[in-house]
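>
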Amino acid sequence: MFKVYLSDIKYNQVIKDKSNKENYYDVYTFLRVEGKKIVGKEYQDKWVRKDSEFQNSLPEMIEGSFYNVEIGFNGKISKILPYEENYNEQDFINKYSSNSVITESNS
36 MFKVYLSDIK YNQVIKDKSN KENYYDVYTF LRVEGKKIVG KEYQDKWVRK DSEFQNSLPE
96 MIEGSFYNVE IGFNGKISKI LPYEENYNEQ DFINKYSSNS VITESNS
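Residue 36 is where the sequence shown starts when you use our numbering, and the numbers rise one by one after that.
1. Determine, using beta carbons only, whether residue 102 and residue 84 come nearer to each other than 8 Å.
2. Which term fits residue 49, buried or exposed, when burial requires 16 or more other beta carbons within 10 angstroms of its beta carbon?
3. In chain order, which continuous runs of the beta strand (DSSP E) of length 3 or greater are located wholly inside the stretch 51 to 94?
4. Restricting to Cα atoms, I'd like to know which of 62, 54, 52, 51 is closest to residue 2.
5. DSSP three-state label for residue 113, please.
6. According to DSSP, simplified to helix, strand and coil, what is residue 98?
7. Applying the 10 Å Cβ sphere with the 16-neighbour rule, what's the burial state of residue 74?
8. Give the single residue among 46, 58, 67 whose Cα lies nearest to the Cα of residue 96.
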């Protein structure tokens, strides 16, 4: 997971497919962050099709906010989660696990 800053949102961008049908996307522009500082000038855009499964899984997207992103094998953003100040791996597992019960033993 990488901490990023959402620097820009462009709503309802149109891309025509091969059949000339218009598809609407929201475009989110992220900047890399280390600690609380933006690092470098590189950015990554994430085009999200309206009414897609990915769009429906997004947290509330607010310009100027921090998020945690997961990068897939293709180098593209595959998951966007809200950034939590005290984020740690166990919190992530507890919150986003597909298992209904997580047990921990200290024996």
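For each residue, glycine too, the CB sits at the ideal point set by N, CA and C. Computed from a predicted model, the values in this text were never measured in an experiment.
In terms of the structure at hand:
1. no
2. exposed
3. 57 to 69, 72 to 84
4. Look at the range of the chain in this structure, 36 to 142, and you will see that residue 2 is not part of it.
5. strand
6. coil
7. exposed
8. 46
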